[in-house]
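Chemist: Can you read through this structure? Questions will come right after.
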Amino acid sequence: MLFPTFSFLFFFTAVFIIYWFVFRMQTARKIFLIVASYVFYAFWDWRFCFLLLSASLVNWAFACTVAEGDNKQEANNGKKIAIVFAVVVNVAILWFFKYYDFFADSFNIMLFKLSGGKNFEDILPVLHIVLPVGISFYTFKGLSLIFDSSSGALFTGYGSYSENALLFTGVYSSKRAALSSPKGLIDTLVYISFFPQVASGPITHASEFYREVDASTSRSTIDFSAASALIMSGLLKKMVFANYLSTLFVNPVFNNLSAYTGFQVLLAAFGYSSVLYCDFSGYSDMAIGIALLLGFETPKNFDRPYISCSIGDFWRRWHITFSTWLKKYLYFKMGGSRHGQLRTIIALAVTFLVSGLWHGAKWMFVLWGLMQGLALIFEHCIKYGKKRASNSFGLALQVIITFFYTTISWVVFRAANWKEVVSWWRAFIANPNGFWGTKVIDSLPSSVTNSNASILTPLVITLLMISLGMHLVPNKVRDDAMSIWRSIPLCFQVIVIVGFFAGLSIFSMSSVAPFIYFSF
332 MLFPTFSFLF FFTAVFIIYW FVFRMQTARK IFLIVASYVF YAFWDWRFCF LLLSASLVNW
392 AFACTVAEGD NKQEANNGKK IAIVFAVVVN VAILWFFKYY DFFADSFNIM LFKLSGGKNF
452 EDILPVLHIV LPVGISFYTF KGLSLIFDSS SGALFTGYGS YSENALLFTG VYSSKRAALS
512 SPKGLIDTLV YISFFPQVAS GPITHASEFY REVDASTSRS TIDFSAASAL IMSGLLKKMV
572 FANYLSTLFV NPVFNNLSAY TGFQVLLAAF GYSSVLYCDF SGYSDMAIGI ALLLGFETPK
632 NFDRPYISCS IGDFWRRWHI TFSTWLKKYL YFKMGGSRHG QLRTIIALAV TFLVSGLWHG
692 AKWMFVLWGL MQGLALIFEH CIKYGKKRAS NSFGLALQVI ITFFYTTISW VVFRAANWKE
752 VVSWWRAFIA NPNGFWGTKV IDSLPSSVTN SNASILTPLV ITLLMISLGM HLVPNKVRDD
812 AMSIWRSIPL CFQVIVIVGF FAGLSIFSMS SVAPFIYFSF
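So the mapping is simple: the working numbering equals the position in the sequence shown, first residue as 1, plus 331.
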């Protein structure tokens with residue numbers, strides 16, 4: 332069930348009405364939200380609802396184990412062992428569903444080559460395991476729950492578990508008792524399965540989500556203006572920019588690189604950068620807006636990443652909840668930048684190797700992660716990008732270099748194998764059609780343009796320029812636009828929203844492609 336579909340519109344309308352108008356008690360609302368989340372997840376594959384439930388219960392049990400109990404010394408003695416075991420269990424489940432077939436196939440190929448291919452039979456069976464939707468995301472949420480329970484961050488400002496509230500007034504004798512209560516279990520089930528986030532994030536940290544879980548108990552607290560603006564922004568990015576650019580330009584060029592000029596091949600790579608951003612940030616905008624309508628505030632996931640002045644700056648702006656997860660729970664735990672240069676280099680390399688593997692079971696993701704890690708190590712060693720250039724030319728140069736490197740890394744990210752990466756570079760650098768030469772394409776749909784038009788149609792150029800140019804709009808301008816939107820009376824906002832949806836239904840493509848990050 333994709334967000335930009337009528338089936339989801341009907342589903343969410345029913346959820347919204349029942350959540351706010353039928354149930355009055357917050358506990359009843361949370362239980363209903365759990366049921367709704369599992370119904371949403373069942374639309375993908377109902378069998379994996381049992382895996383989602385098992386992951387929730389197992390991580391809740393681990394979180395209760397590592398939380399501070401009545402006997403603090405006893406808890407501290409076994410905490411590290413419990414945390415290690417919890418990480419192993421979570422990683423093992425993720426590895427089996429996401430990486431086993433990749434490992435088995437790679438292992439069999441290696442043995443085949445070593446044996447010369449004579450009388451060889453596969454040692455490890457390839458099981459063709461179906462990848463559960465969102466498993467990478469909810470696994471990281473489960474680990475966040477365990478780490479935040481262990482550190483005590485989960486309980487800071489967490490509703491009735493706050494140290495200033497019921498925790499030390501006799502209702503619960505310890506943090507472990509609080510988390511082990513029925514309320515703790517219900518909140519955990521909501522956190523792991525929360526349907527706006529379960530498929531592709533944002534990866535809200537447990538300490539952030541648990542503070543939100545009791546924050547909104549009235550419809551009057553809903554920020555309808557912000558929610559509607561985010562949902563419309565996300566739909567526009569996905570349905571117009573991502574879908575049209577990928578269908579009309581990016582996919583045709585990447586699928587037939589030899590037919591295009593080097594310039595068109597380069598622009599297609601820029602186009603893929605734009606498609607990836609519009610697709611994923613569009614999903615994030617919709618997820619954040621939908622969560623807002625249910626009273627949950629979610630951290631921002633993107634902040635104009637293509638105006639970054641360094642790769643380090645890029646990772647402070649791209650998939651922010653994921654990068655902060657890696658920084659908080661992996662990079663800092665390995666020492667970060669506090670224990671000398673060698674330790675920092677190792678921490679960066681491991682962190683971005685994990686980042687690459689998290690995205691999928693393919694060597695190109697590993698290479699992409701290493702490219703990010705090496706760039707960050709290089710920047711760390713030469714102190715590059717610690718601050719933005721003071722003059723416009725220097726700043727523009729920093730942004731261009733970073734964007735070009737990011738685009739090249741996305742080519743690797745998109746490729747199924749090394750051969751596709753080499754093909755792109757050959758088409759870009761040693762193109763028989765030349766770099767600037769004009770190449771007429773005859774394969775475009777007649778509904779888009781005539782049969783002998785260039786691939787770079789005015790529509791494609793306009794979409795590419797706007798989708799990349801939106802990064803240049805300062806946040807202050809966006810905030811001012813939001814203030815104007817908030818000042819419009821609700822009835823007129825509704826009219827604008829209806830008009831937006833009507834226009835979108837007319838001008839968007841008939842089919843909705845799945846979000847790219849659903850495959851992760």
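Note that beta-carbon positions come from the ideal geometry of N, C-alpha and C, so glycine has one too.
(1) What's the gap between the Cα of Ala600 and the Cα of Tyr608?
(2) Should Lys569 and Asp610 be called a contact, given that it needs their Cβ atoms to be closer than 8 Å?
(3) Okay, do the region 382 to 393 and the region 641 to 653 touch, 3+ Cβ pairs below 8 Å being the bar?
(4) Since Phe663 contacts Thr733 with CB under 8 Å, what's their CB separation in whole angstroms?
(5) On a Cα-Cα basis, can you pick out the residue from Asn806, Val521, Phe339 and Ser482 that is closest to Arg635?
(6) Can you find the residues in the same chain that come closer than 6 Å, C-beta to C-beta, to Phe433, ignoring five residues on each side of it along the sequence?
(7) Got a sec? Which residues, its chain only, sit under 6 Å from Phe337 by beta carbon, not counting five neighbours each side?
(8) Could you name the residues of the same chain whose beta carbon sits closer than 7 Å to that of Lys631, not counting the 5 residues immediately before and after it, in chain order?
(9) Give me the residue from Val581, Lys472, Phe486 and Leu516 with the minimum Cα distance to Gln859.
(10) With distances taken Cα to Cα, identify the nearest neighbour of Tyr728 among Ile460, Cys640, Phe443 and Thr578.
(11) For the alpha helix (DSSP H) containing Thr552, name the first residue and the last one.
(12) Can you have a look at Cys395 and say buried or exposed, based on whether 16 or more other CB atoms are within 10 angstroms of its CB?
(13) Between the region 827 to 842 and the region 569 to 585, are three or more C-beta pairs nearer than 8 Å?
(14) Output needed for Lys506: all residues of its chain with C-beta closer than 6 Å, excluding positions within five of it in sequence on either side, in chain order.
(15) Starting from Ser839, follow the alpha helix (DSSP H) in both directions and report where the run begins and ends.
(16) Thinking just about the alpha-carbon of each residue, which of Phe633, Gly671, Phe832 and Trp756 is nearest to the one in Met801?
(17) Tell me the rounded alpha-carbon separation between Ala530 and Leu474.
(18) Under a three-way DSSP split, which group does Cys395 fall into?
(19) What number of angstroms, rounded off, separates the C-alpha of Ala560 from the C-alpha of Gly620?
(20) Do you know offhand how far Ala345's Cα is from Gly830's?
(21) Taking the alpha helix (DSSP H) that Phe724 belongs to, which residues open and close that run?
(22) Which same chain residues end up closer than 7 Å to Leu803 when comparing Cβ atoms and leaving out the 5 residues on each side of it in sequence?
(23) Three or more beta-carbon pairs under 8 Å between the region 678 to 686 and the region 699 to 711, yes or no?
(24) Three-state secondary structure (DSSP) at Met318?
(25) Could you name the residues of the same chain whose beta carbon sits closer than 7 Å to that of His459, not counting the 5 residues immediately before and after it, in chain order?
(26) In three-state DSSP terms, what is Met332?
(27) What residue does the alpha helix (DSSP H) around Glu539 start on, and which one ends it?
(28) Where in the region 619 to 662 do unbroken runs of the beta strand (DSSP E), each at least 3 residues long, occur, reported from the N-terminal end onward?
(29) Expressed to the nearest angstrom, what Euclidean distance is found between the alpha-carbon atoms of Val502 and Leu576?
(30) Using a threshold of 8 Å, state whether the C-beta atoms of Trp689 and Ser437 are closer than that.
(31) Tyr660 to Phe352, Cα distance in whole Å?
(32) Counting C-beta neighbours from all protein chains within 10 Å, is the total for Phe722 16 or more, i.e. buried, or is it exposed?
(33) For Met563, is the classification buried or exposed, using 16 other Cβ atoms within 10 angstroms of its Cβ as the cut-off for buried?
(34) If you compare alpha carbons, which of Pro845, Phe823, Leu597 and Leu790 is closest to Ser740?
(35) Let's test the definition: count the other Cβ atoms within 10 Å of the Cβ of Ala868 and tell me whether it reaches 16, buried, or not, exposed.
Modeler: Well, looking at it:
(1) 12 Å
(2) A contact, by the Cβ cut-off of 8 Å.
(3) no
(4) Rounded, the Cβ-Cβ distance is 24 Å, inconsistent with contact.
(5) Asn806
(6) Ala692
(7) none
(8) Ile651
(9) The question about residue 859 has no answer here: the residues shown for the chain are numbered 332 through 851.
(10) Per the sequence presented here, residue 728 reads as Leu, with Tyr not at that position. Of the residues Ile460, Cys640, Phe443 and Thr578, the one whose Cα lies closest to the Cα of Leu728 is Cys640.
(11) Run containing Thr552: none; DSSP gives neither H nor E here.
(12) buried
(13) Because the criterion of three Cβ pairs below 8 Å is met, the region 827 to 842 and the region 569 to 585 touch.
(14) Ala398, Glu399 and Phe486
(15) From DSSP, Ser839 is part of no alpha helix (DSSP H); its letter is neither H nor E.
(16) When each option's Cα is compared against that of Met801, the closest is Phe633.
(17) 17 Å
(18) helix
(19) One C-alpha to the other measures close to 8 Å.
(20) When rounded, the distance between both Cα atoms is 22 Å.
(21) Ser723 to Arg745
(22) So the list reads Ile638, once near-sequence residues are dropped.
(23) yes
(24) Nothing about residue 318 can be read from this structure; the chain reaches only from 332 to 851.
(25) Asp432
(26) Reduced to three states, the DSSP call for Met332 is coil.
(27) Ala537 to Glu543
(28) Within the region 619 to 662, there are no complete beta strand (DSSP E) runs of at least 3 residues.
(29) Note that Val502 scores 47 on pLDDT, short of 50, meaning its location in the model is unreliable; the coordinates nonetheless yield the value given after this. C-alpha separation (whole angstroms): 57 Å.
(30) No, the pair does not count as a contact, with Cβ atoms beyond the cut-off.
(31) 39 Å
(32) In the sequence as displayed, the identity of residue 722 is Asn instead of Phe. Exposed, by the Cβ-count rule.
(33) By the neighbour-count rule (16 or more Cβ atoms within 10 Å), Met563 is buried.
(34) Of the listed residues, the one whose Cα sits closest to Ser740 is Leu597.
(35) Within the shown structure, residues of the chain are numbered from 332 to 851, placing residue 868 beyond reach of any answer.
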